[in-house]
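**Student:**
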Amino acid sequence: MKIVRIFADQLFAFHYETEADNVLRKLLSLWNDIAHLHQFVMRHKADVPQNLPIPTLISQLIDNANHIDDTLNEISTAPHRSLEEFFNPLNNQEYHIVELSKQKGRKNYLRLYAIRIDKNCFVITGGAIKFHHLNRDRPHTQQEMKKIDKCRNYLKDNGVFDVDSFHEFLKEQQ
Numbered sequence: 001m002k003i004v005r006i007f008a009d010q011l012f013a014f015h016y017e018t019e020a021d022n023v024l025r026k027l028l029s030l031w032n033d034i035a036h037l038h039q040f041v042m043r044h045k046a047d048v049p050q051n052l053p054i055p056t057l058i059s060q061l062i063d064n065a066n067h068i069d070d071t072l073n074e075i076s077t078a079p080h081r082s083l084e085e086f087f088n089p090l091n092n093q094e095y096h097i098v099e100l101s102k103q104k105g106r107k108n109y110l111r112l113y114a115i116r117i118d119k120n121c122f123v124i125t126g127g128a129i130k131f132h133h134l135n136r137d138r139p140h141t142q143q144e145m146k147k148i149d150k151c152r153n154y155l156k157d158n159g160v161f162d163v164d165s166f167h168e169f170l171k172e173q174q
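Start counting the sequence shown at 1; every next residue gets the next number (the working numbering).
Now the structure itself:
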C-alpha cells in the first residue's frame, strides 16, 4: 500500500498493491464505464429508486463522476478554495476536529471516502455507489468502511498525526 499525490500538497490517494492505478483514478474509471455501472445497478436493483429508469440512472452516475472529478480539480487549483468544501465528516455527529478524521465527499449516489490529515489535506481511501441509507447495511459499503479503518490504522502505525508527519512519512515512503 502506498500513497500517491493527486493535487499539490492537498489531495492524495492510496494505491493498493493489487491495483493497476490509485483508488481515485480507478473509481472515476469504473464510474464512467457503462458496462460496469449496468452490472452494479442490476446486482443492487432492489436498492435502486423505483421510479428511476436504469439508463437514466447510469447517465446520472456518469455525470456525477465527472462532476466530482471537475470539483476536485477546481478546488485544488484555486488558491482561495479548500477541500473542506467537498469532504465532510463520515460520522454526521462529528462536530469537532478529530485526528485523522474519516471523511466522505459525495454527489448524489456516489461517495468518495478519505482521511483528513489536516486542514485542506486529504487521502482518498475508496468510494462506493450508495443507494441505501446506512453503510453497515450493504456488503460493498461495509467493505469501504473496513478499508477506511485499515488506512487510518496504517497512517497511525506509521506515525502520521498531522500534515508535517504525513509529509515526512511520504518522503520515507519513496
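The beta-carbon is built from N, C-alpha and C at its ideal position, and this holds for glycine as well.
Every value quoted in this text rests on a predicted model; they were computed, and no experiment measured them.
Identify, in the order they occur along the chain, each residue of the same chain with its Cβ nearer than 8 Å to the Cβ of Leu176, setting aside the five sequence neighbours on each side.
**Tutor:** Beyond the ends of the chain as shown, which are 1 and 174, falls residue 176; an answer cannot be given.
**Student:** Could you name each continuous beta strand (DSSP E) segment of 3 residues or more that falls completely within the region 33-109, going from the start of the chain to the end?
**Tutor:** Segments of the beta strand (DSSP E) lying fully in the region 33-109: 87-89, 101-107.
**Student:** Helix, strand or coil for Thr18 per DSSP?
**Tutor:** coil
**Student:** Nearest-angstrom Cα distance between Asp47 and His132?
**Tutor:** 6 Å
**Student:** Note down, in chain order, each residue of its chain lying with its Cβ closer than 6 Å to the Cβ of Leu37, except the 5 sequence neighbours on either side.
**Tutor:** Within the same chain, Leu37 has close Cβ partners Ile58, Leu61.
**Student:** Among residues of its own chain, excluding the 5 on either side of Val4, which ones have a beta-carbon nearer than 7 Å to its beta-carbon?
**Tutor:** Listed in chain order, the non-local C-beta contacts of Val4 below 7 Å within the same chain comprise Phe12, Ala13, His15, Asn22, local neighbours out to five positions each way being set aside.
**Student:** Identify the continuous alpha helix (DSSP H) that holds Lys2 and give its terminal residues.
**Tutor:** That residue, Lys2, is in no alpha helix (DSSP H); its beta strand (DSSP E) goes 2-7.
**Student:** Less than 8 Å between the beta carbons of Thr125 and Tyr113, yes or no?
**Tutor:** It is a contact, given that the beta carbons lie within the stated cut-off.
**Student:** Do the CB positions of Phe7 and Ser82 come within less than 8 Å of each other?
**Tutor:** no
**Student:** Distance check for Asp63 and Lys26, CA to CA, integer angstroms please.
**Tutor:** 16 Å
**Student:** Which value, in whole angstroms, describes the spacing of the CA atoms of Ile71 and Leu90?
**Tutor:** In the sequence as displayed, the identity of residue 71 is Thr instead of Ile. Distance between Thr71 and Leu90, taken at the CA atoms: about 19 Å.
**Student:** Just to confirm the assignment, what range does the alpha helix (DSSP H) spanning Phe166 have?
**Tutor:** Following the DSSP letters along the chain, one finds Phe166 inside the alpha helix (DSSP H) bounded by residues 163-173.
**Student:** What residues match up with Arg152 in a beta bridge as DSSP calls it?
**Tutor:** Looking at the DSSP assignment, Arg152 forms no beta bridge with any residue, so it has no partner.
**Student:** I'd like the span of the alpha helix (DSSP H) that includes Val160, first residue to last.
**Tutor:** Premise fails: Val160 is in no alpha helix (DSSP H) and is neither H nor E.
**Student:** Do Asn32 and Ala78 have their CB atoms nearer than 8 Å?
**Tutor:** no
**Student:** Is DSSP giving Arg111 helix, strand or coil here?
**Tutor:** strand
**Student:** Taking the beta carbon of Ile34 as the centre, do at least 16 other beta carbons fall within 10 Å, making it buried, or is it exposed?
**Tutor:** exposed
**Student:** Please classify Lys171 as buried or exposed, where buried requires at least 16 neighbouring CB atoms within 10 angstroms.
**Tutor:** exposed
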